[in-house]
Amino acid sequence: MAVIYRVNMSDLSIRTEMPGVKYAQTGGRGLTSAMIAAEVPPTCHALAAENKLVIAPGILTGTGAPCGGRLSIGAKSPLTGTIKESNSGGQGALALAALGIKAIVLEGRPADGKCYRLIVNTDGVKIEPADGLVGLGNYETVGKLLGEFGDKVACISIGQAGEMKMAAASIAVTDVEGRPTRHCGRGGLGAVMGSKGVKAIVVDPEGGQRLIPADADTFKAGAKKLNTALKAHPVTGEGLPKFGTNVLANVINAAGGYPTRNFREGQFEGTEAISGERQHDVILERGGQIAHACHKGCTIKCSRTYLDKDGQYVTKGPEYETVWAHGADCGIDDLDAIARMDRMDDDFGLDTIEAGATIGVAMEAGIVPFGDAAGAIKLLEEVGKGTALGRLVASGAEVLGKAYGGSRIPTVKGQSMPAYDPRAVKGIGVTYATSTMGADHTAGYAVAPNVLGVGGSVDPLKPEGQVELSRNMQIATASIDSAGLCLFVAFAVLDDSTALDGICEMLGGLFGTPFTVDDYLAIGRATLAAERKFNAAAGFSPADDRLPDFCKTEKLAPHDAIFDVADEELDQVFDFVE
Amino acid sequence: MPQVRVNLYAMLRKYVGGATSVEVEIEPGRTIQQVLDELGVPADQTRIIFVDSRAADLSQSLEGGEQIGVFPAIGGG
């Protein structure tokens, strides 16, 4: 029986609820956004007691669905002021699902300002003081908790950035090895967790069990279809396990869309040195691991472990976005320095995209020069120390840029644009501009047909066709995020119709009812509609669905491209929302 | 004879001994498909092609002096 635990941090009480019909067939982003939209005043301050943090495994999580271990965390975002769902791999979602937990909702705020930890197991949820954890980074926090509770537990935690309630703070989720390497990174949800006075959530799945589908045969047939499609597709079956997410660096650079030195150029001369191919070689030379799964049941295995020159573990990946943010965007071509910054981000609990983009803005402001890896590391160290400069870095690109009088700040709704320049990859530009989440590539990954030749082909340099592309991708993504599937299943889905058939059969098998592609896409439409309505009530208008001015005025080399999708067209992306 | 530079990526590098890039002499008018055939890179393993940072396909002919990027099906994010 699925349950929702409401943890009231104002009076330290816990309430157990049955999800009821309303939430019976939803999960992941669909559930977090529905609950935030229904229960959080849209105009509240994101760090106030009225905001809520909803932590939810996906619909298919815990069923044995391939790549179905995503964890969604939602709240009103302190970074963007919009509704936010940020999702992560790692073991957290699987552990919650094994306990039959549909969601944990953190409400209120401790009157005493103290810090607590939650212990979640088959007995329910217990609130305890977080003695000995306050002020620690994620690695030390998780190390202590695993030492106390054993290595079978999953931890969901914040580092110093979350405790300081910084707008770029992430929430860490432990991976298969119990390391805090997987993060709900975007949108500053670590600050919301910090505002609730929750340092860490320990989830012990011992005694829990796998969810049993109502129609096991249909479910199994669907799971097999998806798994076969994932193995057969060259992206998910070969490219991602071998080279990881950073295999993208060279192709996005070749397309002239690899944002370089704070979005000044579209190609970086140091790309080969920080590419996925080079990373692959370095990892294997040093005895690291490729084809690593970030959670049990992942069949793609795009994660990896990165060792230093002495063979000592440094971090996971690092992932494409992280390598770009701390690499090309800062003019840095040193993979070891980038890996060290990834480790620092994970430890302090920072969104790696926001952290790197903020350092890029700091470099533009002249705080340290572009290309200065040692200077970038020093800036990040300030976050751990909690200095005034560190707090600016941990507040994100928009705040730091304003503090230094910058006018080239690569954000939409206060959130940094990720690793595709919207002038050279215009479909993703439409997604950045219009997403309910602020600039977010995962919200509608138009890069696939724009550049990668996956899911058809739409010329990335022309404005035509990008709005429809982004709309369709945003709907499909909201469905995937609700199902609890890794977004990378989309590479197979876009090219192979049996993959989507498999997903629908798994959902139908789980519910014990027929489930069509239309039913599946209806989840995404309903989720986006709830998010748009929340944002409108929070004060957002079409004028906020725009890219920074420089994208429309500064030509990007090598294509001399500007972002020229008309505002009126951008306003049509959500024409399906009443 | 004019030359082109062919940059190969990810799984395609194994066909050129792990090299990242090779210079190839061509007769003007040769297509990308013909150049790849000569290098021993199977055309059916290629998915994304750029000539001087512009998307191209296997049938595009070359004059010399071009930079060609050839990728298999890849994705990430």
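Respectively, the protein sequence lines represent chains A and B.
So for the first sequence, my numbering puts the first residue at 18; every next one is plus one.
So for the second sequence, my numbering puts the first residue at -13; every next one is plus one.
Even for Gly, the Cβ is constructed at its ideal location relative to N, Cα and C.
Along the chain, where does the beta strand (DSSP E) containing residue i start, and where does it finish?
i, result
"residue 317/A", "Here residue 317/A belongs to no beta strand (DSSP E), and DSSP marks it neither H nor E."
"residue 41/B", "40 to 42"
"residue 91/A", "88 to 93"
"residue 172/A", "171 to 174"
"residue 23/A", "20 to 25"
"residue 133/A", "133 to 138"
"residue 105/A", "100 to 105"
"residue 330/A", "330 to 333"
"residue 62/A", "It is not in any beta strand (DSSP E) - residue 62/A carries neither H nor E in the DSSP assignment."
"residue 378/A", "First-last for residue 378/A: 369 to 381, but that is the alpha helix (DSSP H), not the beta strand (DSSP E)."
"residue 32/A", "30 to 34"
Can you tell me the Cβ-Cβ gap for residue i and residue j, rounded? I've got them flagged as a contact below 8 Å.
i, j, result
"residue 428/A", "residue 345/A", "That pair is no contact at about 18 Å."
"residue 584/A", "residue 563/A", "7 Å"
"residue 478/A", "residue 516/A", "Incorrect: roughly 29 Å between the Cβ atoms, too far for contact."
"residue 74/A", "residue 240/A", "Rounded, the Cβ-Cβ distance is 17 Å, inconsistent with contact."
"residue 171/A", "residue 226/A", "Incorrect: roughly 16 Å between the Cβ atoms, too far for contact."
"residue 436/A", "residue 426/A", "17 Å between Cβ atoms; not a contact."
"residue 358/A", "residue 397/A", "6 Å"
"residue 465/A", "residue 455/A", "The Cβ separation is near 21 Å, so there is no contact."
"residue 260/A", "residue 294/A", "6 Å"
"residue 317/A", "residue 243/A", "Not really, about 11 Å apart at Cβ, beyond 8 Å."
"residue 50/A", "residue 91/A", "6 Å"
"residue 165/A", "residue 263/A", "In fact, because the Cβ distance is near 35 Å, the residues do not count as touching under 8 Å."
"residue 78/A", "residue 114/A", "4 Å"
"residue 542/A", "residue 492/A", "6 Å"
"residue 187/A", "residue 200/A", "4 Å"
"residue 7/B", "residue 273/A", "The pair is not a contact, with the Cβ atoms about 18 Å apart (cut-off 8 Å)."
Using CA atoms only, rank isn't needed, just tell me which of the options is closest to residue i.
i, options, result
"residue 112/A", "228/A, 127/A and 51/A", "228/A"
"residue 76/A", "354/A, 540/A, 98/A and 455/A", "540/A"
"residue 347/A", "354/A, 304/A, 278/A and 331/A", "278/A"
"residue 350/A", "526/A, 391/A and 362/A", "391/A"
"residue 276/A", "340/A, 310/A and 248/A", "340/A"
"residue 458/A", "424/A, 495/A, 70/A and 481/A", "495/A"
"residue 403/A", "367/A, 506/A, 380/A and 144/A", "367/A"
"residue 206/A", "80/A, 224/A, 198/A and 182/A", "182/A"
"residue 104/A", "497/A, 316/A and 521/A", "497/A"
"residue 234/A", "524/A, 177/A, 31/A and 505/A", "524/A"
"residue 369/A", "536/A, 123/A, 379/A and 356/A", "356/A"
"residue 19/B", "6/B, -8/B and 59/B", "-8/B"
"residue 284/A", "438/A, 326/A, 505/A and 363/A", "438/A"
"residue 507/A", "575/A, 20/A, 257/A and 71/A", "257/A"
"residue 10/B", "60/B, 21/B and 38/B", "21/B"
"residue 282/A", "579/A, 590/A and 542/A", "579/A"
"residue 547/A", "528/A, 572/A, 595/A and 536/A", "595/A"
"residue 230/A", "536/A, 573/A and 526/A", "526/A"
"residue 139/A", "267/A, 553/A, 568/A and 219/A", "219/A"
"residue 98/A", "406/A, 310/A, 64/A and 71/A", "64/A"
"residue 467/A", "443/A, 451/A and 447/A", "443/A"
"residue 452/A", "520/A, 530/A, 558/A and 85/A", "558/A"
Please indicate yes or no: does the CB of residue i lie closer than 7 Å to some heavy atom of the ligand GDP?
i, result
"residue 130/A", "Ligands are entirely absent from the displayed structure, and the ligand GDP is therefore not among its contents."
Residue i lies in the alpha helix (DSSP H); which residues open and close that run?
i, result
"residue 489/A", "483 to 500"
"residue 201/A", "Here residue 201/A belongs to no alpha helix (DSSP H); instead the beta strand (DSSP E) covers 199 to 201."
"residue 343/A", "337 to 343"
"residue 55/B", "Premise fails: residue 55/B lies in the beta strand (DSSP E), 53 to 57, not in any alpha helix (DSSP H)."
"residue 182/A", "No alpha helix (DSSP H) holds residue 182/A; DSSP gives it neither H nor E."
"residue 258/A", "257 to 260"
"residue 84/B", "What is shown of chain B runs -13 to 63, which leaves residue 84/B out entirely."
"residue 553/A", "534 to 554"
"residue 98/B", "Lying outside -13 to 63, the shown extent of chain B, residue 98/B is not represented and no answer is given."
"residue 297/A", "293 to 302"
Worksheet item: For the 8 Å Cβ check, are there 3 or more pairs between the stretch 309 to 321 of chain A and the stretch 410 to 419 of chain A?
Response: No: the two stretches stay apart, fewer than three of their Cβ pairs being nearer than 8 Å.
Worksheet item: Going along the chain, which residues of the stretch 269 to 294 of chain A sit with their C-beta nearer than 7 Å to a C-beta in chain B?
Response: The residues in question are 271, 272, 273, 289 and 294.
Item to complete: Can you give me, in chain order, the residues of the stretch 335 to 359 of chain A that have a beta carbon less than 9 Å from any beta carbon in chain B?
Response: Listed by position, the residues of the stretch 335 to 359 of chain A near chain B (Cβ gap below 9 Å) are 336, 337 and 338.
Practice prompt. Would you list, in chain order, the members of the stretch 365 to 393 of chain A that have their beta-carbon closer than 7 Å to a beta-carbon of chain B?
Written response: Those residues of the stretch 365 to 393 of chain A that come within reach of chain B (Cβ to Cβ, closer than 7 Å) do not exist; the list is empty.
Discussion item. What are the residues in the stretch -9 to 17 of chain B lying within 8 Å of chain A by C-beta distance?
Written reply: Listed by position along the chain: -7, -5, -4, -3, -1 and 6.
Discussion item. Would the stretch 149 to 156 of chain A count as touching the stretch 330 to 337 of chain A if we require 3 or more Cβ pairs under 8 Å?
Written reply: Of all C-beta pairs linking the stretch 149 to 156 of chain A to the stretch 330 to 337 of chain A, fewer than three are shorter than 8 Å, placing the two stretches out of contact.
Worksheet item: For the 8 Å Cβ check, are there 3 or more pairs between the stretch 477 to 491 of chain A and the stretch 117 to 134 of chain A?
Response: When C-beta atoms of the stretch 477 to 491 of chain A are compared with those of the stretch 117 to 134 of chain A, fewer than three pairs fall below 8 Å, so the two segments do not count as touching.
Worksheet item: Is the stretch 155 to 166 of chain A in contact with the stretch 385 to 400 of chain A, if contact means three or more CB pairs nearer than 8 Å?
Response: Taking a contact to require three or more Cβ pairs closer than 8 Å, the stretch 155 to 166 of chain A and the stretch 385 to 400 of chain A do not qualify as touching.
Item to complete: Check whether the stretch 235 to 254 of chain A touches the stretch 40 to 52 of chain B, taking contact to mean three or more Cβ pairs, one atom from each stretch, closer than 8 Å.
Response: No, the stretch 235 to 254 of chain A is not in contact with the stretch 40 to 52 of chain B.
Worksheet item: When Cβ atoms are compared, which residues of the stretch 455 to 477 of chain A fall closer than 9 Å to chain B?
Response: Contact residues of the stretch 455 to 477 of chain A toward chain B are 458, 459, 462, 464, 465, 468, 469, 470, 471, 474, 476 and 477 (C-beta to C-beta distance below 9 Å).
Worksheet entry | Residues, ordered as in the chain, of the stretch 15 to 47 of chain B that lie near chain A by beta-carbon distance below 7 Å | Residues 33, 34, 36 and 39.
Discussion item. Please identify, using Cβ separations under 8 Å, the residues of the stretch 571 to 586 of chain A that lie next to chain B, in order along the chain.
Written reply: Against chain B - using a Cβ distance shorter than 8 Å - the residues of the stretch 571 to 586 of chain A are 575 and 576.
Practice prompt. Give the residues from the stretch 247 to 265 of chain A that approach chain B closer than 9 Å (Cβ to any Cβ), ordered along the chain.
Written response: Those residues of the stretch 247 to 265 of chain A placed with their C-beta closer than 9 Å to a C-beta in chain B are 250, 251, 252, 253, 255, 256, 257, 259, 260, 261, 262, 263, 264 and 265, ordered along the chain.
Item to complete: Taking only beta carbons into account, state which residues of the stretch 504 to 516 of chain A come closer than 8 Å to chain B, listed in chain order.
Response: So the close ones are 504, 505 and 508.
Discussion item. So if I threshold CB-CB distances at 8 Å, which residues from the stretch 93 to 107 of chain A count as touching chain B?
Written reply: Closer than 8 Å at the C-beta level to chain B, one finds no residue of the stretch 93 to 107 of chain A.
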